[in-house]
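>
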Amino acid sequence: MQWVGIDVSQANLDVALMADSGAVQTTQVDNTLAGYARLDGWLRKRGAARSAVTLEATGRYSAGVAQALYAAGYTVSVVNPARIKGYATAQLRRNKTDKLDARLIADFCRTQQPQAWRPAPEHVTHLQALVRHLAVLETAKQAVDNRLRERAALPALVVEQLQHQRDLLKDQIQQLKRAIQDHIDQHPDLKQPRDLMASIPGIGRLTAAKLLAECRPLTDFDDVRQLVAFAGLNPAHHQSGSSIRQKTVISKTGNSAIRAALYMPAVVAKRCNPILRVFAQRLLARGLCQMAVIAAVMRKLLHLVYGVLKSGKPFDPNFALAH
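Taking the working numbering, I'd label the letters of the sequence shown as residues 1301 to 1623.
Shown next as structure tokens:
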């Protein structure tokens, strides 16, 4: 058995192939389609055509090689960089280079045997691209809005150009929002869960689209706790003996895009959702601050999302109150 670790950067892939004996062979290829083909040939030449391959999740930089190796028949694992960092700390590693990182990832693959990854269907990756580009445009528009608040101190030409940018961004955002919903309407496996999630007070069609783009399929989670942990909304306790007892916070070890998508819905839900309004009031009465309550409501929203998707039925406040 052989294990492959890949350290991914924007331009290059540093690769380490580890054998049972502990011997390691290394190479470097370009992070391009030609580089993926060269890597496949290099691995096959060394009898590693069906090896387990592990790489860190680095967004668009790792997506291409993960897709290419999966299509070539390798067992691919795409892991949270925090796991690799923790493994390096446990190994008391003192030096850090791309080549050493690749060796470390190969050893992590050998000892930890991370869960196999599979790519999302094309129509889901298309939705994800639309949703993430929407986030880019909304961030750009917010930056322009912030500049326009200082218009009194800006030259007239700067103000005029900022207003043009703002108008263009507004048009593009609206166009993108329509494209997102039109895309979902064309795919029943996206349309049904979107409509179910949108039945929950506080979650609109756009929030539902963001969750569909960023969450793995519900069948990938054994229970709602796994979904909450995937979003990084699970509580993180820090206690040791009788003297160290730090404040409990959310772990944030998870998908930050899901947390960002749920923040404003949680603010709305703690006012308009009959279940979560009572829940939020109870937490406030216990002395929790507003941000802690919002984090708890975000977590409860995921519980409701999991419930409606698992049952296949729209949100029913009477049923929820009864349980």
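Every residue gets a Cβ at the ideal spot worked out from N, C-alpha and C, and that includes glycine.
What distance in whole Å lies between the Cβ atoms of Pro1419 and Tyr1370, which are believed to be in contact at a cut-off of 8 Å?
6 Å
> With a threshold of 16 other CB atoms inside 10 Å of the CB of Pro1617, please say whether the residue is buried or exposed.
Pro1617 should be labelled exposed.
> Are there three or more Cβ pairs, one per stretch, closer than 8 Å when the stretch 1329 to 1346 is compared with the stretch 1356 to 1376?
Yes: at least three Cβ pairs fall under 8 Å.
> Taking Arg1383 as the reference, give the member of Phe1408, Arg1403 and Thr1375 with the closest Cα.
Phe1408
> Tell me the DSSP secondary structure of Ala1362 in three-state form.
What sits at residue 1362 in the sequence shown is Ser, not Ala. Looking at Ser1362 - three-state DSSP - the assignment turns out to be helix.
> Would you be able to state if there are at least three C-beta pairs under 8 Å between the stretch 1506 to 1520 and the stretch 1578 to 1593?
no
> Report yes if the CB atom of Gln1465 is closer than 8 Å to the CB atom of Val1444, and no otherwise.
yes
> Considering Cα atoms alone, identify which of Gly1322, Asp1320 and Val1329 is closest to Phe1306.
For the sequence presented, residue 1306 should be read as Ile rather than Phe. Residue Val1329 is the option with its Cα nearest to Ile1306.
> Taking the beta carbon of Gly1386 as the centre, do at least 16 other beta carbons fall within 10 Å, making it buried, or is it exposed?
So Gly1386 counts as exposed.
> Quick one, are the C-beta atoms of Val1315 and Ala1402 less than 8 Å apart?
yes
> Which residues bound the alpha helix (DSSP H) around Gln1428?
From DSSP, the alpha helix (DSSP H) with Gln1428 extends over Glu1422 to Leu1448.
> Go through its chain and collect everything with a Cβ distance to Phe1633's Cβ below 6 Å, but skip five positions before and after it.
Residue 1633 lies beyond the range of the chain shown here (1301 to 1623); nothing can be said about it.
> Should Ala1348 and Val1304 be called a contact, given that it needs their Cβ atoms to be closer than 8 Å?
yes
> Suppose only complete runs of 3+ residues qualify. What are the beta strand (DSSP E) ranges in the stretch 1358 to 1410, listed by chain order?
1375 to 1379
> How about Ala1509 and Gln1481: are their beta carbons less than 8 Å apart?
yes
> Check Met1301 in the structure and name its three-state DSSP category.
In the structure shown, the three-state DSSP call for Met1301 is coil.
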